[in-house]
Amino acid sequence: MDEKVTTAPAGEFVLFQSADGRVRLECRFESDTLWLSQAGMSELYQVTPQAITQHIKAVYAEGEHAQSSTCKDYLQVQTEGVRQINRQIRHYNLAVILSVGYRVRSARGTQFRQWATQTLQEYVIKGFVMDDVRLKNPPVGQSVVPDYFDEMLERIRDIRASERRIYLRIKDIFAMAADYQPSDKETARFFQAIQNKLHFACTGLTAAEIIAQRADVNLPDMGLTSFKYDNVRKTDITIAKNYLREEEIDQLNRIISMWLDYAEDQTKRRQQIFLKSWQDKLEQFLNFNELDILQGSGKTSKKEADEKACQQYEQFTEQRRRLKEAEGAKSNIEALHAIAQKKD
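The sequence shown begins at 2 in our numbering and counts up by one.
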């Protein structure tokens, strides 16, 4: 027997109908995925093992999943007569378990697809899905079940701290100010001042200074640490947050989240407040949290920073174009060599 074969990580996959009539699914497992044997899936979906075998074959035959990364042999104790024997039993991961669920024809299969449809429908409509019951009841004590609550909070903070989301939220908050004018250029400048103070608090630089100092054609991806698509585009290079390091992003997200909570609480008190007061309140908030406060508007203007970034981007795109051409030429030469060798 192969000594490298281990027992499958503990876990369970539970389908049930809650009191409100909605189908619920619960997965509890030690690692990042769940492993079930053919017999385990047969019991889960209440169909014969032979039916499960046919569905698994179809999943792999249609290229839905790669067999090498979705199945694995684990030791499993089996009772044979009066003896208990360790056998190597093939197990399949969660991806295959779910794929089989879409194919089986049984009451349990129907129940699974009802859950999958309501979950996918909520995601398509809202852009997110949350298991409130699971998040409200985290694993405790010696439980080895992973808890992803902190990851969820981190992602929410990052979304909340996106430039467009901040602008829209601050605009709603500022709308409560007695002197707020939606079309007033002073309001846009005021938002920029708020943004600069938040960036300075966690980096020591204004948004414009971050772009001007870190946009560099000689660095990988022109110095950007995040961008929307697979490659850096012109729309990415004038967003200061795209140049922040991981620890800076984390701190900025936390600062913005705390300040937005504070600002929203202030507006709900319905006290008359003016735009200038918001700047004072932000400085009071930063001071309370022992963070550096920007004095003035910084050494670099937004226009100067954007011009510098665009200049670097032009050089960057030219380098990228030449690299792609060189890679294409190399591929063509290799292809010609391969053809010549076949002829020989």
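Don't be surprised by glycine CBs; every beta carbon is placed ideally from N, CA and C.
Residues near residue i by beta carbon distance below 6 Å, same chain, minus five either side
{"i": "D222", "result": "V233"}
{"i": "A96", "result": "H66 and T71"}
{"i": "M2", "result": "Because the pLDDT at M2 is just 40, under 50, the model does not fix this residue reliably, and the value given afterwards should be weighed accordingly. Same-chain partners within the cutoff: there are none."}
{"i": "R109", "result": "Y46 and Q47"}
{"i": "I212", "result": "A241, A306 and A310"}
{"i": "E4", "result": "For E4, the pLDDT reaches just 45, beneath the cut-off of 50, and the residue's location in the model is therefore unreliable, although a value from the coordinates is still provided. No residues qualify anywhere along the chain."}
Other residues of its chain near residue i: CB distance less than 7 Å, five sequence neighbours each side excluded
{"i": "E65", "result": "S100"}
{"i": "Y168", "result": "F192"}
Enclosing beta strand (DSSP E) for residue i [first to last residue]
{"i": "I86", "result": "R84 to Y93"}
Bounding residues of the alpha helix (DSSP H) (the contiguous stretch that carries residue i)
{"i": "P147", "result": "No alpha helix (DSSP H) holds P147; DSSP gives it neither H nor E."}
{"i": "I368", "result": "The question about residue 368 has no answer, for the chain in this structure spans 2 to 345."}
{"i": "C256", "result": "One point to set straight first is that residue 256 is Ile, not Cys, in the sequence displayed. Residues E247 to K269."}
{"i": "I171", "result": "E164 to F175"}
{"i": "Y124", "result": "A108 to K127"}
{"i": "I211", "result": "A208 to R215"}
{"i": "M42", "result": "Q39 to Y46"}
{"i": "D293", "result": "From DSSP, D293 is part of no alpha helix (DSSP H); its letter is neither H nor E."}
{"i": "T71", "result": "Q68 to T71"}
{"i": "K137", "result": "D133 to K137"}
Residue from the options with nearest C-alpha to residue i
{"i": "R1", "options": "F317, D217 and Y46", "result": "The first residue shown for the chain is 2 and the last is 345, placing residue 1 beyond what the model contains."}
{"i": "C311", "options": "M153, I238 and A62", "result": "I238"}
{"i": "A1", "options": "L37, K269, L245 and R104", "result": "Any property of residue 1 remains undetermined from this structure, which presents the chain solely from 2 to 345."}
{"i": "E305", "options": "Q214, R170 and E315", "result": "Q214"}
{"i": "D217", "options": "E315, Y93 and V83", "result": "E315"}
{"i": "K137", "options": "Y124, D151 and V125", "result": "D151"}
{"i": "E210", "options": "L245, S107, D132 and K269", "result": "L245"}
Buried/exposed call for residue i, threshold 16 Cβ in 10 Å
{"i": "R322", "result": "exposed"}
{"i": "M42", "result": "buried"}
{"i": "Y230", "result": "exposed"}
{"i": "R156", "result": "exposed"}
{"i": "Q313", "result": "buried"}
{"i": "Y149", "result": "exposed"}
{"i": "K127", "result": "exposed"}
{"i": "T204", "result": "buried"}
{"i": "E326", "result": "exposed"}
{"i": "A264", "result": "buried"}
{"i": "F129", "result": "exposed"}
Cutoff 8 Å; reference residue i; Cβ partners in own chain excluding five residues on either side
{"i": "I98", "result": "F14, L35, L37, M42 and L45"}
{"i": "E328", "result": "none"}
- [ ] Taking 8 Å as the threshold, find out whether the segment 247-262 comes into contact with the segment 150-163 through three or more Cβ pairs.
- [x] With the rule of 3 Cβ pairs closer than 8 Å, the segment 247-262 counts as touching the segment 150-163.
Open item on the list: Taking 8 Å as the cut-off, does the segment 275-289 touch the segment 168-181 (at least 3 CB pairs, one atom from each stretch)?
Closed with: At 8 Å Cβ cutoff, the stretches touch.
Task: contact_flag[the segment 187-204, the segment 286-306] where n(CB pairs < 8 Å) is 3 or more - done: Here the segment 187-204 makes contact with the segment 286-306; the two share three or more CB pairs at distances below 8 Å.
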